[in-house]
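Residue numbers (this note's numbering), protein chains in the order written: chain D, 1 to 308; chain V, 1 to 308.
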């Protein structure tokens, strides 16, 4: 099975605690490693969890609050010091380039590899990345500063053709590839054999949506509809709904309501306020609205399966 | 006894490892808390070791290589988020202000307290800080970019006067303070009683010198002569002397040679290259030149005693 797995590197909100680091996640889809946000100490977390950071070629930064990007300059430096030459793609607010450039200027540093910048346009469904396996689209989040979420969608996998059908219908080799991709097959007498009769193990196309940071905003729903895994921030418990509103963050129930309305398969909450030592009450609040909810926990890898 | 203790928060060089963080140290002299350098994740280390960072009012940044300052913007933000109003003094290269300001601008952030900047002049013995207990002076280090070391010197402590001498020599109350500070006492007949006959527990004035990052440079010696504790970087073992020279760093034996020539009481080495998993060989090399050497180890607090 092609990889589709998310590892949490940091799940705290603005102030880290001794147990929780600021936001960062590593998403592996088909051995493409996407780093999503890069809070302080992300490079240390990657090392701690034995994740090879030179395999990361694409970094997505949602917005310019420190807890989402302060680990980036250190990570870029370590990639350089360890001899990286592969170019690195950075999907980020335009202003981040200035922040990086000024630090390289004053430290009299350069990088041994090229950074290819892709600045956010803050347009829903804007295609940020695409290759033969994955497509990544933007979601405009609703936060105190311009903020971009991301939807990562796996492209359809080829199905396995049933060996007996090749013989039965005398399918020529040159047609097999099309059938694996979903084509029907036309017999010599003009009869159409539907694709579903020719293949097995038809895979589900999986998707992951990242929504942090954002206040409760139903306009996100069409863009995250039916995703397999939704990460939605839940900085506060319900009793702090006013505080959530003031700071453009969400509560547990708000995250779960978005998950429910968007009919996602599973919700992961995170970006917890430092005030919460025990996360079980946050999970309980979210589950009361949307049962298939899990907690973001540092070091834990969540695999999204592709069984239909 | 007045506090004089150094806690290591990070002892790695440029690339952190899963076990060692970039440079940061917390020095407590008489309950003044001085943060020396602030590598990435310093705020996380402070929390981990249960050191209250709101007590830090003075931060000294040696130079603008990322492993010495990348944790600063995050620490400043957390101080703000936790409600700090006390002004914070920052002793640093002038360019750091621009790096901080641009990040606050792009994150649309402000701080609830004032930063008072004191820019390095890169002059040996330049007085950076002084109050009734402590004086801090600059040392010009020799690194690839402008770099400043620091010497922290405790001011003389008042001695305890021997109770029997007050009676014996009929010392008036108004003279006691001067005697405790070191004055002799003149009897009515003109005879001088030396201070050493009047007081006990005469304390040694303690000092700590921080030399990181620097290549081997004997011109530092006069400014760190006889300090009680010298932290001198030892990025490399002796076999990498060429590499040390190229990168303006020091080897273990070079650090120990400086300690020996400066006749310091104790040497602490640190700023270890990530290549060294086991630090015992580094200690052995340094001790071969200067026996009273210890390793910088994260979380370990070294107390400097004041026994003469």
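By construction, the Cβ of each residue, glycine as well, lies at the ideal position given by its N, Cα and C atoms.
So the candidates are D/236, D/182, D/298 and D/242; which of them puts its Cα closest to the Cα of residue 44 of chain D?
Here residue 44 of chain D refers to the residue found at position 44 when the first chain is read from its first residue. Check the Cα spacing between residue 44 of chain D and each of D/236, D/182, D/298 and D/242: the tightest is with D/298.
Is residue 61 of chain V buried or exposed, if buried means 16 or more other CB atoms sit within 10 Å of its CB?
Mapped onto the second chain, residue 61 of chain V falls at position 61. Label assigned to residue 61 of chain V: buried.
Minimum Cβ-Cβ distance from residue 73 of chain D to chain V less than 8 Å
Within the first chain, residue 73 of chain D is the residue found at index 73, counting from 1. For residue 73 of chain D, the answer is yes, since a Cβ of chain V falls inside 8 Å of its Cβ.
By the criterion of Cβ-Cβ separation under 7 Å, what are the contact partners of residue 70 of chain V in chain D?
Taking the first residue of the second chain as position 1, residue 70 of chain V is located at position 70. Residues of chain D with a Cβ closer than 7 Å to the Cβ of residue 70 of chain V are, in chain order, 73 and 74.
Using the rule of at least 16 other Cβ atoms within 10 Å of the residue's Cβ for burial, across every protein chain shown, is residue 2 of chain D buried or exposed?
Residue 2 of chain D sits at position 2 when you count from the first residue of the first chain. Per the 10 Å Cβ criterion, exposed.
To be precise: take each residue of the region 84-104 of chain D, compare its Cβ to all Cβ atoms of chain V, and keep it if any distance is under 8 Å. Which residues remain?
Here the close residues are 93, 95, 96, 98, 99, 102 and 103.
Alpha carbon of residue 143 of chain V to alpha carbon of residue 48 of chain D, nearest angstrom:
Stepping through the second chain from its first residue, residue 143 of chain V is reached at position 143. Stepping through the first chain from its first residue, residue 48 of chain D is reached at position 48. One Cα belongs to residue 143 of chain V, the other to residue 48 of chain D, and the distance between them is close to 30 Å.
Quick one: what does DSSP say residue 220 of chain V is sitting in, helix, strand or coil?
On the second chain, position 220 is the one that residue 220 of chain V refers to. Looking at residue 220 of chain V - three-state DSSP - the assignment turns out to be helix.
Sort out for me which residues DSSP pairs residue 92 of chain V with in a bridge.
Locating residue 92 of chain V in the second chain gives position 92, counting from the first residue. DSSP output for residue 92 of chain V lists V/119 as bridge partner(s).
Span of the alpha helix (DSSP H) around residue 84 of chain V:
Sequence index remark: in the second chain, residue 84 of chain V carries index 84 (1-based). Premise fails: residue 84 of chain V is in no alpha helix (DSSP H) and is neither H nor E.
Near residue 10 of chain V, what residues of its chain come up, given a Cβ to Cβ distance below 6 Å and the 5 sequence neighbours on each side ignored?
As a working mapping, residue 10 of chain V is identified with position 10 in the second chain. 21, 22, 23, 24 and 39, listed in sequence order.
Tell me whether the region 28-42 of chain D and the region 62-70 of chain D touch, counting them as touching only if at least three CB pairs, one residue from each stretch, are closer than 8 Å.
Yes, since at least three Cβ pairs between the region 28-42 of chain D and the region 62-70 of chain D fall closer than 8 Å, the two stretches touch.
Anything in chain V within Cβ reach of residue 65 of chain D, meaning under 7 Å, just list it in chain order.
Along the first chain, one-based indexing puts residue 65 of chain D at 65. Chain-order list of chain V residues neighbouring residue 65 of chain D: 107, by C-beta distance under 7 Å.
Taking 8 Å as the CB-CB limit, is residue 48 of chain V close to chain D?
Here residue 48 of chain V refers to the residue found at position 48 when the second chain is read from its first residue. So, interface residue.
Determine the chain V residues that contact residue 319 of chain D at a beta-carbon separation under 9 Å, and present them in chain order.
Because chain D here runs from 1 to 308, residue 319 of chain D falls outside it and cannot be looked at.
For residue 209 of chain D, which beta-bridge partners are listed by DSSP?
Counting from 1 along the first chain, the entry for residue 209 of chain D is found at position 209. Per DSSP, D/151 and D/230.
Determine whether the beta carbon atoms of residue 151 of chain V and residue 224 of chain V lie at a separation below 8 Å.
One-based indexing of the second chain puts residue 151 of chain V at position 151. One-based indexing of the second chain puts residue 224 of chain V at position 224. Taking the C-beta atoms as reference points, residue 224 of chain V is found nearer than 8 Å to residue 151 of chain V.
What are the residues in the region 7-33 of chain V lying within 8 Å of chain D by C-beta distance?
Identification of residues in the region 7-33 of chain V having a C-beta nearer than 8 Å to some C-beta of chain D yields 14, 15, 16, 17, 18, 21 and 22, given in sequence order.
I'd like the list of long-range same chain contacts for residue 140 of chain V, defined as Cβ closer than 6 Å, with 5 residues on each side in sequence excluded.
Reading the second chain from its first residue, position 140 is the one you call residue 140 of chain V. The answer, listed in chain order, is 122 and 124.
Please determine, among V/103, V/95, V/102 and V/72, the residue with the shortest C-alpha to C-alpha distance to residue 88 of chain V.
Within the second chain, residue 88 of chain V is the residue found at index 88, counting from 1. The shortest Cα separation from residue 88 of chain V among V/103, V/95, V/102 and V/72 belongs to V/72.
By the DSSP assignment, the beta strand (DSSP E) with residue 7 of chain V in it spans what residues?
Start at 1 with the first residue of the second chain, and residue 7 of chain V comes out as number 7. Residue 7 of chain V -> beta strand (DSSP E) spans 4-10.
Examine chain V for any beta-carbon lying closer than 8 Å to the beta-carbon of residue 44 of chain D, and answer yes or no.
Translated into the one-based positions of the first chain, residue 44 of chain D becomes position 44. By the rule that beta-carbons nearer than 8 Å mark a contact, residue 44 of chain D touches chain V.
Secondary structure at residue 243 of chain V, three-state DSSP: helix, strand or coil?
Counted from its first residue, the second chain places residue 243 of chain V at position 243. Note: residue 243 of chain V maps to helix in three-state DSSP.
Between the alpha carbons of residue 114 of chain D and residue 270 of chain V, how many angstroms are there, rounded?
Numbered from its first residue, the first chain carries residue 114 of chain D at position 114. Numbered from its first residue, the second chain carries residue 270 of chain V at position 270. For residue 114 of chain D and residue 270 of chain V, the distance between alpha carbons rounds to 32 Å.
Tell me where the beta strand (DSSP E) around residue 138 of chain D begins and ends.
Position 138 of the first chain, counted from the start, is the residue given in the question as residue 138 of chain D. Note, residue 138 of chain D: beta strand (DSSP E), 134-140.
For residue 261 of chain V and residue 227 of chain V, the rounded distance between their alpha carbons:
Working through the second chain from its first residue, we reach residue 227 of chain V at position 227. Working through the second chain from its first residue, we reach residue 261 of chain V at position 261. Whole-angstrom Cα-Cα distance: 12 Å.
Work out the CA separation of residue 145 of chain D and residue 179 of chain D for me, nearest whole Å.
To locate residue 179 of chain D, count along the first chain from 1; it is residue 179. To locate residue 145 of chain D, count along the first chain from 1; it is residue 145. Taking the straight line joining both Cα atoms gives about 48 Å.
Starting from residue 40 of chain V, find everything on chain D with Cβ-Cβ shorter than 7 Å and list it in chain order.
As a first step, residue 40 of chain V must be located in the second chain, where it is residue number 40. Those are 40, 41, 71 and 74, listed as they occur along chain D.
Mind pulling the chain V residues with CB within less than 7 Å of residue 145 of chain D?
Start at 1 with the first residue of the first chain, and residue 145 of chain D comes out as number 145. Among the residues of chain V, those whose CB is under 7 Å from the CB of residue 145 of chain D are 107 and 108, following chain order.
Helix, strand or coil for residue 182 of chain D per DSSP?
Residue numbering aside, residue 182 of chain D sits at position 182 when the first chain is read from its first letter. When DSSP states are grouped into helix, strand and coil, residue 182 of chain D belongs to the coil group.
Assuming contact is defined by CB atoms lying nearer than 8 Å, are residue 249 of chain D and residue 217 of chain D in contact in what I supplied?
Translated into positions along the first chain, residue 249 of chain D becomes position 249. Translated into positions along the first chain, residue 217 of chain D becomes position 217. For the pair residue 249 of chain D and residue 217 of chain D, the CB atoms are not nearer than the 8 Å cut-off.
Give a yes or no on whether 8 Å exceeds the smallest Cβ distance from residue 81 of chain V to chain D.
Your numbering for residue 81 of chain V matches position 81 in the second chain. Yes, its Cβ sits closer than 8 Å to a Cβ of chain D.
Listing by chain order, which chain V residues have their CB less than 9 Å from the CB of residue 77 of chain D?
Sequence index remark: in the first chain, residue 77 of chain D carries index 77 (1-based). Residues of chain V whose Cβ lies closer than 9 Å to the Cβ of residue 77 of chain D are, in chain order, 14, 15, 65, 66, 67 and 70.
Give a yes or no on contact between the region 152-168 of chain D and the region 197-211 of chain D, applying the rule of three or more CB pairs nearer than 8 Å.
Contact check between the region 152-168 of chain D and the region 197-211 of chain D: three or more CB pairs, one atom from each, fall below 8 Å, which counts as touching.
With three or more C-beta pairs closer than 8 Å as the rule, is the region 104-112 of chain D touching the region 73-87 of chain V?
Contact fails: fewer than three Cβ-Cβ distances are below 8 Å.
Taking the alpha-carbon positions, what's the residue 84 of chain V to residue 56 of chain V distance?
Counting from one through the second chain, the residue named residue 84 of chain V turns up at place 84. Counting from one through the second chain, the residue named residue 56 of chain V turns up at place 56. As the crow flies, the alpha-carbon of residue 84 of chain V is around 11 Å from that of residue 56 of chain V.
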